[in-house]
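FYI, in the working numbering the residues of the sequence shown are 34 to 223.
Just so it is clear, CB atoms sit at the ideal spot from N, CA and C, and this is done for glycine as well.
To start, the structure under review is shown below, and the notes come after it.
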Amino acid sequence: LLPWHPDISVVVPASGTPEAMLRDTVASVRAQLYPHWDLRMAEGDDACAAANAAIGSAPGDFVALLRPGDVLPEHALYEVAAELAAHPDADLVYTDEDELGPEGRTAPRFKPMWSPELLVSHDAIGGLAVYRRALLERIGGLRPELAGAERWDLALRATAATAPDRVRHVPAVMCHRRHPAGASSGPEAE
């Protein structure tokens, strides 16, 4: 049992997403074994502004940013909560990930422990990222002018605004990334 149960608000941008992809993401959140979460759907023409509004209304002390189409294994939020319970001063927790496609799960991405140098070269945080809500508010949330790279920018600003020992990594695949057909696999898709 965990000595502390952090509340995690899961924010998913919903605009312009195929219904089946969104349905899979929502179902994976609802199937979580860890019960201390709520789901915020961010809708609007400007995905960043909608996500920022959802973050602003989120009741959790922590916010999980999840892309539509991504699927969490049922123990993903528990693993994040266990890391937060073990390190209650953590401001950011990120996990390993893989790809989910027609042939099943492929291309695992096993990330190293926190490396600011690696984050400068590409979005080393990637899929499931759980931020302390107060930190997101302090740095101003997602920046719409960086659409396509807004999550990478957020990770850069968040990690610069906290101490290195407050960035934690769960060394397990806790996010199965699904990309729409023809989606870019560049840095914005990381």
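Own chain partners of residue i with C-beta closer than 7 Å, once the 5 adjacent residues on each side are dropped
i: alanine 47; result: Leu55, Met74, Ala75, Glu76, Pro101
i: proline 92; result: Asp40, Ser42, Asp71
i: aspartate 94; result: Pro39, Asp40, Arg165, Arg166
Given residue i as reference, the closest of the options once Cα atoms are compared
i: aspartate 156; options: Glu170, Glu178, Thr128, Arg166; result: Thr128
i: histidine 226; options: Gly181, Asp131, Leu125, Gly93; result: The question about residue 226 has no answer, for the chain in this structure spans 34 to 223.
i: leucine 35; options: His69, Trp147, Val43; result: His69
i: arginine 166; options: Val96, Leu66, Ala84; result: Val96
i: glutamate 183; options: Asp198, Gly160, Pro197, Ala196; result: Gly160
i: serine 61; options: Ala80, Leu99, Gly137, Asp124; result: Leu99
i: methionine 146; options: Leu168, Tyr164, Val126; result: Val126
i: cysteine 81; options: Thr192, Arg211, Leu169, Ala53; result: Leu169
i: proline 135; options: Thr58, Arg211, Tyr164; result: Arg211
i: leucine 189; options: Pro149, Pro177, Tyr164; result: Pro149
i: valine 59; options: Pro121, Val104, Asp186; result: Val104
i: alanine 162; options: Asp57, Asp186, Trp37, Ala119; result: Asp186
i: leucine 179; options: Asp79, Leu151, Gly49; result: Asp79
i: leucine 133; options: Gly49, Arg63, His120, Asp57; result: Asp57
i: aspartate 236; options: Ser154, Phe143, Arg171; result: Since the first residue of the chain shown is 34 and the last is 223, residue 236 is not available in this structure.
Residue i, DSSP secondary structure in three states
i: alanine 157; result: coil
i: proline 36; result: coil
i: alanine 167; result: helix
i: glycine 219; result: Annotation note: pLDDT 37 at glycine 219 (below 50); position unreliable, coordinate value reported separately. It is coil, neither helix nor strand.
i: threonine 192; result: helix
i: proline 149; result: helix
i: leucine 133; result: strand
i: alanine 162; result: strand
i: proline 204; result: strand
i: alanine 182; result: coil
i: arginine 176; result: coil
i: phenylalanine 53; result: A small fix is needed here, since residue 53 is alanine in this sequence, not phenylalanine. In the structure shown, alanine 53 sits in a helix (DSSP, three-state: H, G or I).
i: arginine 211; result: coil
Close Cβ partners of residue i (< 6 Å) along its chain, the five nearest in sequence each way excluded
i: alanine 109; result: Met207
i: alanine 84; result: Val44, Pro46, Ala75, Leu175
i: tyrosine 111; result: Leu66, Tyr67
i: threonine 192; result: Val200
i: glutamate 221; result: Reliability fails at glutamate 221, whose pLDDT of 40 lies under 50, so the model's placement of it is uncertain and the value that follows must be treated cautiously. Result list for glutamate 221: Gly181, Ala182, in chain order.
i: histidine 120; result: Arg201
Nearest-angstrom Cβ-Cβ length linking residue i and residue j, presumed shorter than 8 Å
i: glycine 174; j: isoleucine 88; result: 6 Å
i: valine 203; j: valine 113; result: 6 Å
i: tyrosine 116; j: glutamine 65; result: Per the sequence shown, the amino acid found at residue 116 is glutamate instead of tyrosine. Wrong, their Cβ atoms sit about 15 Å apart, outside the cutoff.
i: glutamate 37; j: alanine 140; result: Before going on, a small fix: residue 37 reads as tryptophan here, not glutamate. The Cβ separation is near 34 Å, so there is no contact.
Within-8 Å CB hit, residue i to chain C
i: alanine 86; result: Absent here is chain C; the protein component of the structure consists of one chain.
Counting only runs of 3+ residues fully inside the region 55-130, write out the beta strand (DSSP E) ranges in chain order. 70-75, 95-98
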